[in-house]
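First up is the structure itself, then whatever we jot down about it.
Number of protein chains: 2
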Amino acid sequence: MSDLPTLLAECIAVVDETMDMLLSRTKDTEMRLFEAMRYSYTTGGKRLRPFLVTHSSALFSVDKNCAARVAAAVEFMHTYSLIHDDLPAMDNADTRRGKPSCHRQFDEATAILAGDALQALAFEVLSAPETHVDPAVRIELVRKLSQAVGVNGMCGGQMIDLLSERIDELNISKITRLQYLKTSKMFTFSSVAGSIMGKGSYRSYMALHDFAQEFGLAFQITDDLLDVEADQKKLCNAIGQDAVDGKATFVSVLGVERTRAHVSLLVDNAISALEVFDELANPLREAARYFTNCTN
Amino acid sequence: MSDLPTLLAECIAVVDETMDMLLSRTKDTEMRLFEAMRYSYTTGGKRLRPFLVTHSSALFSVDKNCAARVAAAVEFMHTYSLIHDDLPAMDNADTRRGKPSCHRQFDEATAILAGDALQALAFEVLSAPETHVDPAVRIELVRKLSQAVGVNGMCGGQMIDLLSERIDELNISKITRLQYLKTSKMFTFSSVAGSIMGKGSYRSYMALHDFAQEFGLAFQITDDLLDVEADQKKLCNAIGQDAVDGKATFVSVLGVERTRAHVSLLVDNAISALEVFDELANPLREAARYFTNCTN
């Protein structure tokens, strides 16, 4: 079996090529919209959600072209959420992955539309016959993705996140729910996608669901930890950007050491959930350790 | 047969009740998001797109509950587009149907998220088994709606509209394409929805498609005419708000009289397209005349 960095690089190459193929070109007036959409997904990124689609699909011997299309749809959806999150009214981020954010490179109106069109494109890709021969499989993918995005998913999580500065007491239970909605729901969709496409058993579906739910949470908390550590390195503040913004995170509530222990526990749980699978699930196991700095 | 005002009122009652049923409630932190979504679709509106879904479905004896769900999905989608169009970075509208626009009643971030979540909800409703027993029908609805919304639909049209102030020459051909994308595509989806659900013939599908394409264009141009006439009544300016904004419209290019003649021609074409249907299509015919002021 290939090592993780090779598999990650392979996944990036395949999903990026697929996204380019799926975003049809135009030379007409609305070209600016295509450019903003393309700009936003070509700014790099780990393509972790596509990786989950790809390697959950491999467990069920799903056709690689079908898996690549679903992986691209997930990344289109993720890209929309990043564009809108960066807007001045939201996180007001001038840069994303070291490049100007979409609204800085283009303008706010174009960024709003690019996000909207990327969400629609994700559903368009999932619904096309090329994605899966069985319409019942395609509609199940659409249904699960729409649930992962809407009020009970990413959008709901982002709403809580925005409100969290005003909430007096954001305890561990509430922060867990926030991150579960904002991050884990998309991880979960990406991981069960393989089981849906491959018509896996209920047991295998739930194994991937539970894996992704815990991994998503661990991934998000690791992000918070990295924020704090970056700030500590800068020697300018020891509590992290989100704490400065007034946002409660696991780190601000539990402290660094207990948070690290919590991440480690979540990753153990995530990997335990995969025990129904053989070594074909190793890329998922290794990704969970790698992206949460739990490799040793 | 009931008269048009009665049918319109019936449609509003059914679709509003269905939307309330489909937008699940919560008492959790993200309640603000639900409130913004509900606020935005309860500000009134003609529910013209749901009317097209309802009465195209009646042509094929589609189950009324199924039609009501698709009608609600279309109105959720339409509501998302209105919320985002009103944003400061877009049309910067403080009011919508006489009430504060979503971002004025709540805030910009909430309005962006409410639009995003309404788009996802539209697809979630279409993909649910309750909407149609046949997954192939549901996925076709999702596919057509996603195409009507994305870069080659509403979002593309809105992008051209925003850019139109900068375009030196916006001729009738380009304005037609803009309105076709921005308005007709959603009209078209709403009208072919009945044929898709009722598994109508290709001929009936195309009849509804052609009807809606012409009606959508006529409807949008009527809106431009009303803008001009409202301004003329105010005696403060004779060329209309969009002309003031630098946007080219049919009225600014053709003048009022020739524009009226053009609308009349489009409505005739729309109604001609329906000749394959009997008097069951009368509500569609009457709506096309009524909403374009071509009743006499």
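If you're matching them up, the sequences are chains E and V in order.
When you line the first sequence up against the numbering used here, it's residues 86 to 381, in that order.
When you line the second sequence up against the numbering used here, it's residues 86 to 381, in that order.
Quick reminder that beta carbons are idealized off the backbone N, C-alpha and C, glycines included.
Query	Result
With the cut-off set at 7 Å, would you say residue 279 of chain V and residue 142 of chain V are in Cβ contact?	yes
Return the chain-ordered list of same chain residues with a C-beta closer than 7 Å to the C-beta of residue 132 of chain E, the five sequence neighbours on each side being excluded.	96, 97, 100 and 160
Would you say residue 323 of chain E lies against chain V (beta-carbon separation less than 7 Å)?	Caution is warranted here: a pLDDT of 43 is assigned to residue 323 of chain E, below 50, making its placement in the model unreliable, and the coordinate value is therefore given only provisionally. Output row for residue 323 of chain E: interface = no.
Just mark residue 237 of chain E as buried or exposed, buried being the case when its beta carbon has 16 or more other beta carbons within 10 Å.	buried
Looking only at its chain, what residues have a beta carbon closer than 7 Å to the beta carbon of residue 375 of chain E, apart from the 5 residues adjacent to it on each side?	89
Which chain V residues sit within Cβ distance under 8 Å of residue 161 of chain E?	By Cβ distance, chain V contributes nothing, its closest Cβ being about 10 Å from residue 161 of chain E, past 8 Å.
Please state the DSSP three-state secondary structure of residue 180 of chain V.	strand
Would you kindly report the start and end of the unbroken alpha helix (DSSP H) that includes residue 239 of chain E?	239-248
If you follow the alpha helix (DSSP H) that residue 115 of chain E is in, where does it begin and where does it stop?	Looking at the DSSP string, residue 115 of chain E is not in any alpha helix (DSSP H), and its letter there is neither H nor E.
What does residue 368 of chain V pair with, by DSSP beta-bridge criteria?	Bridge partners of residue 368 of chain V: none, in fact.
Would you say residue 224 of chain V reaches chain E, if we count a Cβ-Cβ gap shorter than 7 Å as a contact?	yes
Which first and last residues belong to the alpha helix (DSSP H) in which residue 225 of chain V is found?	220-234
So the candidates are V:299, V:173, V:169 and V:104; which of them puts its Cα closest to the Cα of residue 370 of chain V?	V:299
Leaving out five residues before and five after residue 102 of chain E in sequence, what residues of the same chain have Cβ atoms less than 7 Å from its Cβ?	none
Mind checking who residue 185 of chain E pairs with in its DSSP beta bridge?	E:180
So which of E:213, E:258 and E:224 has the shortest CA-CA distance to residue 216 of chain V?	E:224
Out of E:271, E:180, E:172 and E:144, state which residue places its alpha-carbon closest to the alpha-carbon of residue 128 of chain E.	E:180
With 7 Å set as the bound, which would you pick, yes or no: does the beta-carbon of residue 218 of chain E sit closer than that to a beta-carbon of chain V?	no
Pull up the distance between the alpha-carbon of residue 334 of chain V and that of residue 148 of chain V, whole angstroms please.	40 Å
Which same chain residues, not among the five before or five after residue 234 of chain V, have their C-beta less than 6 Å away from its C-beta?	none
For a test of the three-state rule: what should DSSP assign to residue 378 of chain V, helix, strand or coil?	coil
Verify the CB distance criterion: does residue 240 of chain E have a CB-CB separation below 7 Å to chain V?	yes
Use the C-beta contact count for residue 153 of chain E: other C-beta atoms within 10 angstroms, 16 or more gives buried, fewer gives exposed.	buried
First and last residue of the alpha helix (DSSP H) that includes residue 275 of chain V?	270-282
Are three or more beta carbon pairs between the segment 182-194 of chain E and the segment 196-212 of chain V nearer than 8 Å?	no
What is the DSSP secondary structure of residue 325 of chain V, counted as helix, strand or coil?	Unreliable positioning characterises residue 325 of chain V in this predicted model, as indicated by a pLDDT of 48, which lies under 50. The coordinate reading is nonetheless provided below. DSSP places residue 325 of chain V in coil when its eight states are reduced to three.
Could you work out which residues of chain E lie near residue 212 of chain V, taking near to mean beta carbons separated by less than 7 Å?	224, 227, 228 and 231
Please name the residue in V:137, V:309 and V:221 whose C-alpha comes closest to that of residue 156 of chain V.	V:137
Does any residue of chain E bring its CB to less than 7 Å from the CB of residue 209 of chain V?	yes
Could you tell me which uninterrupted beta strand (DSSP E) segments, each at least 3 residues in length, are contained entirely in the segment 288-318 of chain E, listed from first to last along the chain?	none
Within 7 Å (strictly less), CB to CB, does residue 167 of chain V reach chain E?	no
Which residues in chain E sit within 7 Å of residue 308 of chain V, going by Cβ to Cβ distance?	Going along chain E, no residue has its Cβ under 7 Å from residue 308 of chain V, so there is no contact; the nearest lies around 20 Å.
Helix or strand or just coil, what does DSSP make of residue 129 of chain V?	coil
So, does the segment 166-178 of chain V touch the segment 187-197 of chain V, judging by three or more C-beta pairs under 8 Å?	yes
For residue 210 of chain V, name the three-state secondary structure that DSSP assigns.	helix
Taking 7 Å as the CB-CB limit, is residue 234 of chain E close to chain V?	yes
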